[in-house]
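Residue numbers (our numbering): 2 to 357. Yeah, the Cβ is synthetic: ideal placement off N, Cα and C, and Gly gets one too.
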Amino acid sequence: METKENNNYHDQQNIGNVQKMREVLATLPPFCKQFFRGITEYTSARTRLAYAYDIRVFFEYLHDNNSYCAKMDITEFPLSLLEQLTREDIEEYMEYLSYYEKDGKIYTNDERGKKRKLASLRSFYNYYYQAELIQKNPAILVPLPKLHDKEIIRLDADEVAILLDQVEDGTGLSKTQQRFHNVTKIRDVAILTLLLGTGIRVSECVGLDIGDVDFKNNGIKIRRKGGYEAVIYFGEEVENALQDYLEQRHHVIPMSGHENALFLSMQNRRISVRAVENMVKKYSATVTSLKKITPHKLRSTYGTSLYRETGDIYLVADVLGHKDVNTTKKHYAALEDERRRYAADKVKLRENTDRK
């Protein structure tokens, strides 16, 4: 029997999501199990878990705000309840999502949060409607919230250099942080250089095993969203940073079950997504001229640099792992306009002559 420790990072994440999914399903009406079985073939465990959380919020809202639903436990809700609800019920739920309190905690949703929850609810309703288990689908009558474009924050070339210099020398850190910095500096430089030099997601970064790094071809094998594998290639700066780190890494004895992990935490376990996010936040906070930096903004910075150098939006989409090139175009629309302006005077129709 294969133990959890023998699974790779991504398998462990899937196992954890499946376990959480079972816990959430136990709090939902029994008919929900059919929906989640039905979407298993084309969704990841992580996506199904996100759907389950969103649908649970909907049922909790009904239990707390609908007189009919308040008479029974959520696990007793019948499938027929779905078609008893109206468009107005769904619209009131969307308004509720703006601000609500649950178990002493305050929750808010902006337009993106509302859109995701309504999209989850639409998929949920659509499954039973197409299976002809319900005759009405009020969720489809409620339009998805219109999203306003958010400014894509990226680092300029000089800001990238300042950030990496800060990671190397640690100036600006507190005395306590500097003590840890002496231990983690080489690792931190490797992680930041890798993120900035390849544009991979932070989850893809922490999921790397030592065996995923190929210095012969200067490539790393990563697991993309959706579960498929891809090889991303890196340049000399990333190569040097990884080589320096691996020289140190080979002298570390990892905790049991973490022997294959490329990047280790202070506890010699595979580093977590949260730890990388906090690390990026720590260094960016010491450089006052920089924007508020997250690992995703490092990814946007790489995509911007690659597009400016190549002008190939399809290459950028492929390297970043975007399934739809329109997603990439949306993020880099400003650069598209910049390139179109650059093209304005590049095609000459006639030789320049003095106009009389």
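- Span separating the alpha-carbon of residue 6 from that of residue 144: Low confidence applies here, because residue 6 scores a pLDDT of 47, under 50, leaving its location unreliable and the question unanswered by this model.
Which one of 225, 14, 171 has the shortest CA to CA distance from residue 324?
225
inquiry  = Give me the residue from 240, 199, 201 with the minimum Cα distance to residue 217.
reply    = Across the set 240, 199, 201, the C-alpha of 240 shows the shortest separation from the C-alpha of residue 217.
Could you tell me the distance, in whole angstroms, from the CA atom of residue 18 to the CA atom of residue 90? 31 Å
Exercise. Distance, Cα to Cα, residue 156 vs residue 46?
Worked result: 33 Å
Problem - Completely contained beta strand (DSSP E) runs for the segment 183-226, where each covers 3 or more residues - result: Runs of the beta strand (DSSP E) inside the segment 183-226: 220-224.
*asked:* Assuming residue 232 is part of the beta strand (DSSP E), what are its boundary residues?
replied: For residue 232, the enclosing beta strand (DSSP E) covers residues 230-234.
Subject >> Member of 295, 258, 259, 288 whose CA lies at the smallest distance from the CA of residue 276 >> reply: 295
Handout entry: Best match in 219, 115, 288 for proximity to residue 174 [C-alpha to C-alpha]
Key = 288
ask   = Just curious, the beta strand (DSSP E) that residue 102 is in, first and last residue?
value = 100-103
Short of 8 Å in beta carbon distance, which residues of its chain neighbour residue 2, apart from the five on each side in sequence? Order them along the chain. In this predicted model, residue 2 has a pLDDT of only 41, less than 50, meaning its place in the structure is not dependable enough to derive any value.
Quick one: using the 10 Å Cβ neighbour count with 16 as the cut-off for buried, is residue 251 buried or exposed?
exposed
Closest to residue 286 by C-alpha separation, out of 208, 230, 167, would be which residue? 167
| field | Cβ pair residue 185, residue 280 closer than 9 Å | value | yes
- Query: Are the beta-carbon atoms of residue 128 and residue 36 separated by less than 9 Å?
  - Reply: Using a Cβ distance threshold of 9 Å, residue 128 and residue 36 count as a contacting pair.
*Report yes or no: do three or more beta-carbon pairs, one from the segment 303-317 and one from the segment 49-68, lie closer than 8 Å?*
no
Handout entry: residue 205 versus residue 140 - alpha carbon distance
Key = 35 Å
| query | Which residues in the same chain as residue 12 place their Cβ atom closer than 7 Å to its Cβ, once the five residues preceding and following it in sequence are excluded? | reply | Sequence-distant Cβ neighbours of residue 12 in its own chain, meaning closer than 7 Å and more than five residues away, do not exist here.
- Cβ of residue 146 within 9 Å of Cβ of residue 119? yes
Taking the continuous beta strand (DSSP E) assigned at residue 108, which residues delimit it?
Annotation: the continuous beta strand (DSSP E) that includes residue 108 extends over 106-109.
Output needed for residue 20: all residues of its chain with C-beta closer than 7 Å, excluding positions within five of it in sequence on either side, in chain order.
For residue 20, where only same-chain residues beyond five positions count, there are no Cβ hits under 7 Å.
*asked:* Using a Cβ distance threshold of 8 Å, determine whether the segment 255-263 contacts the segment 63-73, with at least three qualifying pairs required.
replied: As far as the Cβ criterion goes, the segment 255-263 does not touch the segment 63-73, which means the pair count is below three.
Classify residue 2 as helix, strand or coil using the three-state DSSP reduction. Low confidence applies to residue 2: its pLDDT is 41, below 50, so where it sits in the model is not reliable, and the reading given next is rough at best. Reduced to three states, the DSSP call for residue 2 is coil.
State yes or no: is the C-beta of residue 105 within less than 9 Å of the C-beta of residue 200? no
Thinking C-alpha only, which one of 245, 27, 209 is nearest residue 271?
Closest in alpha carbon position to residue 271, among 245, 27, 209, is 209.
Helix, strand or coil, according to DSSP, for residue 120 in the structure here? helix
Given that a residue counts as buried once 16 or more other Cβ atoms are within 10 Å of its Cβ, and exposed if not, what is residue 234? Exposed: under 16 other Cβ atoms inside 10 Å.
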